[in-house]
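Working notes for the structure below.
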Ligand SMILES: [Zn+2]
C-alpha cells in the first residue's frame with residue numbers, strides 16, 4: 003500500500019517524463035531530419051545569403067555542376083569530390099533525374115546539394131506561362147524526391163538555364179523570378195566559370211579559363227557542367243581544385259549556409 007502511495011507521485015513524474023519524451027521524439031523526427039521539403043521555409047537570412055553570396059569576402063569556392071546527371075561524367079566527378087573530401091552542389095535537370103535516379107541518390111547520400119535546374123532545360127517550355135515555369139520546378143523536385151526517397155522535396159534554389167544574367171528571355175526571367183518566393187525558392191547564377199559549355203577547349207584552356215575567371219575574387223560560385231556536351235570538366239576537376247586550394251580557397255556547398263533550420 004505504501005508503495006502504491008509513493009508511486010502516485012512517481013507516476014506523475016513518470017507521466018511528465020513520458021509526455022516530454024514523446025514530444026522530444028516527435029520534434030526530433032520532424033525537425034532534426036528536416037530534409038528540405040516544401041514545408042521547410044527558408045529564412046530571410048538564407049535568401050540574403052544566397053543573393054549576396056558572390057560578393058562575400060571569404061575565400062570560399064562553391065563548386066556547382068549543371069545539366070546532369072549523366073552516366074558519362076557525373077560518376078567521375080563524384081569520385082574526385084570524394085577523394086578530395088569536397089561537397090559540391092548539383093543543378094540537375096528533372097528529365098535526367100528520371101533517367102538516372104541512382105546517380106542523384108549517390109550524390110545526395112555523399113553530402114552534395116541537389117538543386118533545381120528545371121525539368122526540360124527548354125526555354126520555350128520554361129517561359130511559356132507562369133504555370134509552365136512553376137511546373138518545371140515542381141516536376142524536377144518530384145523527380146529528385148523520388149530518387150532520394152524524400153516526400154515533398156524542395157531544393158529551394160533554382161538556376162535559370164543560361165543564367166539569370168544572360169540577356170536572352172530577360173523580361174520572362176524577371177517575371178518568373180518574382181514568382182519564386184511564392185514557392186519558397188530563390189535563384190543563383192555564378193561569378194566564375196571555365197567556359198566548358200561554350201566551345202571545345204583543351205584541358206589547359208579550361209584550367210586557364212578558370213584561373214582567369216577567378217582572378218581577384220573572394221567567394222566564388224563556380225559553374226561547370228557534368229555532361230560531355232561540349233567539354234568534359236571531370237578531366238580538369240582535380241587540377242582545378244588544386245589550383246583553387248593553392249590560392250587559399252576552401253570548399254563549401256549550399257548546406258553550409260545558415261538556413262534558419264537544420265538538416266538531417
Ligand atoms: Zn543548364
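In the numbering used here, the protein residues as written are 3 to 266.
Heads up, the beta-carbon is just placed ideally off N, CA and C, and yes, glycines get one too.
Note that the structure is a prediction, hence the values are computed from the model and not measured.
Subject >> Distance CB(residue 171)-CB(residue 142) smaller than 8 Å >> reply: no
Original post:
Quick one, what's near ligand 1 if you take every residue whose CB is closer than 6 Å to any heavy atom, in chain order?
Top reply: 68, 69, 119, 123, 163
Original post:
How close, in whole Å, do the beta carbons of residue 257 and residue 89 come, if the pair is a contact with beta carbons under 8 Å?
Top reply: 7 Å
Original post:
Got a sec? Which residues, its chain only, sit under 6 Å from residue 150 by beta carbon, not counting five neighbours each side?
Top reply: 107, 110
Subject >> Pairwise C-alpha distance: residue 144 and residue 251 >> reply: 34 Å
Original post:
Counting Cβ pairs closer than 8 Å, one from the stretch 83-101 and one from the stretch 113-131, do we hit at least three?
Top reply: yes
Original post:
So the alpha helix (DSSP H) residue 110 belongs to, where does it begin and stop?
Top reply: 103-111
Original post:
Residue range of the beta strand (DSSP E) that residue 93 falls in?
Top reply: 91-94
**OP:** Go to residue 241, then tell me how far its alpha helix (DSSP H) extends in each direction, as first and last residue.
**Re:** 236-248
Subject >> Element boundaries [beta strand (DSSP E), containing residue 167] >> reply: Counting along the chain, residue 167 falls outside any beta strand (DSSP E), and DSSP gives it neither H nor E.
Original post:
residue 50 lies in the alpha helix (DSSP H); which residues open and close that run?
Top reply: 46-53
**OP:** Could you check what DSSP says for residue 259 in three-state terms: helix, strand or coil?
**Re:** coil
Original post:
Going by beta carbon distance, what residues of the same chain come within less than 7 Å of residue 146, once the five residues before and after it are set aside?
Top reply: 94, 99, 106, 116, 155, 157
Subject >> Cutoff 7 Å; reference residue 135; Cβ partners in own chain excluding five residues on either side >> reply: 128, 129, 178, 181
Original post:
Just checking, does the stretch 214-229 make contact with the stretch 63-72 on the three C-beta pairs under 8 Å criterion?
Top reply: yes
Original post:
What runs of the alpha helix (DSSP H), each 4 residues or longer, lie entirely inside the stretch 135-193?
Top reply: 172-179
Original post:
Since residue 173 contacts residue 162 with CB under 8 Å, what's their CB separation in whole angstroms?
Top reply: Actually they are not in contact, since the Cβ atoms of residue 173 and residue 162 sit about 13 Å apart, beyond 8 Å.
Subject >> 7 Å Cβ shell around residue 125 - same chain, five flanking residues per side excluded >> reply: 163, 171
Subject >> Selected residue, minimal CA-CA separation from residue 243, among 231, 232, 210 >> reply: 210
Original post:
Assuming residue 238 and residue 202 make a contact with CB atoms under 8 Å, what is their CB distance in whole Å?
Top reply: With a Cβ gap of about 13 Å, residue 238 and residue 202 do not count as contacting.
Original post:
Which two residues bound the contiguous beta strand (DSSP E) that contains residue 116?
Top reply: 115-118
**OP:** For residue 200, I'd like the list of residues in its chain whose CB is within less than 8 Å of its CB, leaving aside the five on either flank, ordered along the chain.
**Re:** 232
Original post:
Between the Cα of residue 49 and the Cα atoms of 59, 219, 160, 218, which residue gives the shortest distance?
Top reply: 160
Subject >> Completely contained alpha helix (DSSP H) runs for the stretch 195-242, where each covers 4 or more residues >> reply: 205-216
Subject >> CB of residue 75 within 8 Å of CB of residue 188, strictly >> reply: no
**OP:** Give every residue of the same chain whose Cβ lies closer than 8 Å to the Cβ of residue 73, excluding the five residues on either side of it in the sequence, and list them in chain order.
**Re:** 102, 105
**OP:** Alpha carbon to alpha carbon, how far is residue 45 from residue 36? Give it in angstroms, no decimals.
**Re:** Its pLDDT being 41, under 50, residue 36 is placed unreliably by the model, and the measurement read from it follows with that caveat. For residue 36 and residue 45, the distance between alpha carbons rounds to 14 Å.
Original post:
Can residue 190 and residue 52 be called in contact, C-beta distance under 8 Å?
Top reply: yes
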